[in-house]
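*Asks:* Chains as they are written, first to last, in my numbering: chain W, 1 to 201; chain F, 202 to 402.
Number of protein chains: 2
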Amino acid sequence: MARPTKPKLSTEAIAVAALSLVDAQGEFTLPQLAKTLNVTPSSLYNHVSGKDEIIELMRGRAMAAISLPSGETEDWQATVRQIAISYWQSYSQHPRLIPLLTSHTVRDRTTLRVYDALAEAFARAGFPPADRLHAITIIDSFVLGSAMDAAAPKVVWEADESSGAEFTEALAAGLDVEQRARRSFEMGLELILKGLAQTRR
Amino acid sequence: MARPTKPKLSTEAIAVAALSLVDAQGEFTLPQLAKTLNVTPSSLYNHVSGKDEIIELMRGRAMAAISLPSGETEDWQATVRQIAISYWQSYSQHPRLIPLLTSHTVRDRTTLRVYDALAEAFARAGFPPADRLHAITIIDSFVLGSAMDAAAPKVVWEADESSGAEFTEALAAGLDVEQRARRSFEMGLELILKGLAQTRR
Numbered sequence: 001m002a003r004p005t006k007p008k009l010s011t012e013a014i015a016v017a018a019l020s021l022v023d024a025q026g027e028f029t030l031p032q033l034a035k036t037l038n039v040t041p042s043s044l045y046n047h048v049s050g051k052d053e054i055i056e057l058m059r060g061r062a063m064a065a066i067s068l069p070s071g072e073t074e075d076w077q078a079t080v081r082q083i084a085i086s087y088w089q090s091y092s093q094h095p096r097l098i099p100l101l102t103s104h105t106v107r108d109r110t111t112l113r114v115y116d117a118l119a120e121a122f123a124r125a126g127f128p129p130a131d132r133l134h135a136i137t138i139i140d141s142f143v144l145g146s147a148m149d150a151a152a153p154k155v156v157w158e159a160d161e162s163s164g165a166e167f168t169e170a171l172a173a174g175l176d177v178e179q180r181a182r183r184s185f186e187m188g189l190e191l192i193l194k195g196l197a198q199t200r201r
Numbered sequence: 202m203a204r205p206t207k208p209k210l211s212t213e214a215i216a217v218a219a220l221s222l223v224d225a226q227g228e229f230t231l232p233q234l235a236k237t238l239n240v241t242p243s244s245l246y247n248h249v250s251g252k253d254e255i256i257e258l259m260r261g262r263a264m265a266a267i268s269l270p271s272g273e274t275e276d277w278q279a280t281v282r283q284i285a286i287s288y289w290q291s292y293s294q295h296p297r298l299i300p301l302l303t304s305h306t307v308r309d310r311t312t313l314r315v316y317d318a319l320a321e322a323f324a325r326a327g328f329p330p331a332d333r334l335h336a337i338t339i340i341d342s343f344v345l346g347s348a349m350d351a352a353a354p355k356v357v358w359e360a361d362e363s364s365g366a367e368f369t370e371a372l373a374a375g376l377d378v379e380q381r382a383r384r385s386f387e388m389g390l391e392l393i394l395k396g397l398a399q400t401r402r
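#1: Would you mind working out which of W:120, W:192, W:113 sits nearest residue 142 of chain W, comparing C-alpha positions?
#2: Using the Cα positions of residue 249 of chain F and residue 233 of chain F, report the straight-line distance between them to the nearest angstrom.
#3: Taking a Cβ distance cut-off of 8 Å, strictly less, list which residues of the segment 137 to 159 of chain W are near chain F, in chain order.
#4: Please classify residue 106 of chain W: does DSSP put it in a helix, a strand, or coil?
#5: Is it a yes or a no for the segment 84 to 92 of chain W touching the segment 51 to 71 of chain W, going by three-plus beta-carbon pairs under 8 Å?
#6: Can you tell me which of W:10, W:107, W:83 puts its alpha carbon nearest to the alpha carbon of residue 144 of chain W?
#7: Alpha carbon to alpha carbon, how far is residue 333 of chain F from residue 122 of chain W? Give it in angstroms, no decimals.
#8: Run the CB neighbour count on residue 320 of chain F, radius 10 Å, all protein chains shown included, and call it buried at 16 or more, exposed below.
#9: Which residue from W:79, W:175, W:54, W:152 puts its Cα closest to that of residue 29 of chain W?
#10: For residue 375 of chain F, count the other beta carbons within 10 Å of its own beta carbon; 16 or more makes it buried, fewer makes it exposed. Which is it?
#11: Locate the alpha helix (DSSP H) running through residue 56 of chain W, then write down its first and last residues.
#12: Going along the chain, which residues of its own chain have a beta-carbon closer than 6 Å to the beta-carbon of residue 353 of chain F, five neighbours each way excluded?
#13: Using the C-alpha atoms, what's the distance from residue 363 of chain F back to residue 372 of chain F?
#14: Under 8 Å Cβ-Cβ, which residues of chain F neighbour residue 47 of chain W?
#15: What are the residues in the segment 125 to 137 of chain W lying within 9 Å of chain F by C-beta distance?
#16: Out of W:77, W:45, W:85, W:78, state which residue places its alpha-carbon closest to the alpha-carbon of residue 183 of chain W.
#17: Give the DSSP bridge partners of residue 88 of chain W, in chain order.
#18: Closer than 7 Å by C-beta to residue 44 of chain W: which residues in its own chain qualify, once you throw out the five before and the five after it? Chain order, please.
#19: Which residues in chain F sit within 8 Å of residue 172 of chain W, going by Cβ to Cβ distance?
#20: Give me the residue from F:327, F:335, F:340, F:350 with the minimum Cα distance to residue 134 of chain W.
#21: Buried or exposed for residue 370 of chain F, please, with buried defined as at least 16 other CB atoms from any protein chain shown within 10 angstroms of its CB.
#22: Closest by CA to residue 128 of chain W, which one among F:366, F:302, F:315, F:329?
#23: Which parts of the segment 109 to 165 of chain W are runs of the alpha helix (DSSP H), unbroken and 4 residues or longer, counting only runs that do not cross its ends?
#24: Leaving out five residues on either side along the sequence, give the residues of the same chain with a beta carbon under 7 Å from the beta carbon of residue 337 of chain F.
#25: With 8 Å as the threshold, decide whether the Cβ of residue 316 of chain F is near any Cβ in chain W.
#26: The alpha helix (DSSP H) that contains residue 198 of chain W, what's its start and end?
#27: If you follow the alpha helix (DSSP H) that residue 12 of chain W is in, where does it begin and where does it stop?
#28: For residue 188 of chain W and residue 50 of chain W, what's the separation of their Cα atoms in angstroms?
#29: Can you list, in chain order, the residues of its chain whose CB lies under 6 Å from that of residue 382 of chain F, leaving out five sequence neighbours each side?
#30: Any beta-carbon of chain W closer than 8 Å to the one on residue 395 of chain F?
#31: When we look at the beta-carbon of residue 274 of chain F and count the other beta-carbons within 10 Å, is it buried (16 or more) or exposed?
#32: In chain W, which residues lie with their C-beta within 9 Å of the C-beta of residue 300 of chain F?
#33: Once DSSP output is grouped into helix, strand and coil, what is the label at residue 280 of chain F?
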C-alpha cells in the first residue's frame, strides 16, 4: 500500500518559499520558513547552511531568468541591452527582494555568469578594469531602480493643490501612457548606453 | 511634585519608530509599532489614519533632507544634479525603506515639492509634459538603485574560480576604490544629464 508521501524538502522548495515570504513582507526568518514548509527549523539545515545561502538561492532564481546573448557578438551595446532588459523584467516581479539582495555579497554562480557577460562586453568596448566596474554598477543601479518603478502602483504620484503646473501637466500627459515604466526604462537605458559609448571615443 | 512624564505620542515619534523598524526588518506592522512606542495600537489612530499615512510620514522625513536650489537658476542641469545628490545621500541611509515607498502612491507634500522642482527644471530644459515625466522617472530610478548600491557591503561581488578575467580584473581594480559607490553614482548621473541635454538639442 502506498503511504501518503511527505513533500520532499529541497533547496529549490526552500528558495521558492522564502521568495514568497519576501514578496509578501520584505523579509523572512528561518522559523517562518520552516513553518511555511511544514518542517522543523533544524531540518532546513540539512539542505542549506543558513540565511545567507537562502538569499543566494533566491538571487540565483531571479537571475536564472536572464537571457545571455549566445556566442560572441561584436556589438557590446546589444549584449548589455539584452541583459539589462531581461534583468529588469525578472526583478520587477520581486521588488521587495531587491534591497535584501543588494545588502548581501553576490556569491551565486548563476548571478556571477551575468556579471561575467557584462564585464566581457565592457572590456570589448574598451573600458579599463576600474571603469568597467563603474559601467557595470551604473547599469545595475539603473535596472534595479527601474524595476521598482515598474512594480509601483499605476498612480505613482498624486499632485495636490500646491503642485506646480509643470508637474501636474507632466502627470496628466505621462502617467497614463501605456507601458509608462517600460518606456522610461528603455529611454534611460539608451541614454546610458550612448553616454558610455561616448566616453570610449 | 513632578510626576514622571509619559513620552508624548506625535506623528514625528510614530515616523521615527516606524523607520527604525523598516531599517531593521524591511517592514513594520501597527501592533509592532505600538509595542515599540509603548502605547496601545488604538492610540496610534489618534495621530494617524493608518499604515498608508505612516508610510507617507517616513517618505516625508527622508525627503526633508533634500536641498532644493534657492531661487531661480538658469541651469536646469545644476538643479537636477543638486536634487539627485542629496536625494541619493538621504536614501542610502535607508535602503530597505525604498521598495516600501515605491509601492505606494506619493502624496506627501515635502516629497511633491521635490518633484515640482524637478518638473520645473525639465520644463525649463524644454521637455514637453510626457517626456518630462520620463526624465523625472529616469533620474528617480537611477538615484534609488544607486542608493541601494551605496548601502551594499564593501565586497559587493565575490568572484569564484569560474569567473572570467574581464570581471576579476574589474573587481581587483575597482572594488576597493575609495568612495566607489559615490563615483559610480556621479559618473552615471553625469551620463544621464548629458544624454537628456542631447535629446533637447
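Cβ coordinates follow ideal geometry from the N, Cα and C atoms, glycine included.
*Replies:* With the given structure in hand:
#1: W:192
#2: Looking at the backbone, the Cα of residue 249 of chain F and that of residue 233 of chain F are separated by about 15 Å.
#3: Of all residues in the segment 137 to 159 of chain W, only 137, 138, 140, 141, 142, 143, 144, 145, 146, 148, 149, 151, 152, 153, 155, 156, 157, 158, 159 place a beta-carbon less than 8 Å from a beta-carbon of chain F.
#4: strand
#5: yes
#6: W:83
#7: 30 Å
#8: buried
#9: W:54
#10: buried
#11: Boundaries of the alpha helix (DSSP H) harbouring residue 56 of chain W: 51 to 64, taken from the DSSP string.
#12: none
#13: 14 Å
#14: What residue 47 of chain W touches in chain F: nothing, since even the nearest Cβ is about 21 Å away.
#15: 127, 128, 129, 130, 131, 132, 133, 134, 135, 136, 137
#16: W:85
#17: Partner(s): none; residue 88 of chain W has no beta bridge.
#18: 14, 30, 33, 34
#19: 330
#20: F:350
#21: By the 10 Å Cβ count, residue 370 of chain F comes out buried.
#22: F:366
#23: 109 to 124, 129 to 150
#24: Only 316, 319, 320, 323 meet the Cβ criterion.
#25: Using a CB distance cut-off of 8 Å, residue 316 of chain F counts as an interface residue toward chain W.
#26: 180 to 199
#27: 11 to 25
#28: 38 Å
#29: 350, 351
#30: Yes, residue 395 of chain F counts as interfacial toward chain W.
#31: exposed
#32: Ordered by position in chain W, the residues that pass the 9 Å Cβ test against residue 300 of chain F are 26, 95, 96, 97, 98, 99, 148, 151.
#33: Residue 280 of chain F: helix per DSSP, three-state reduction.
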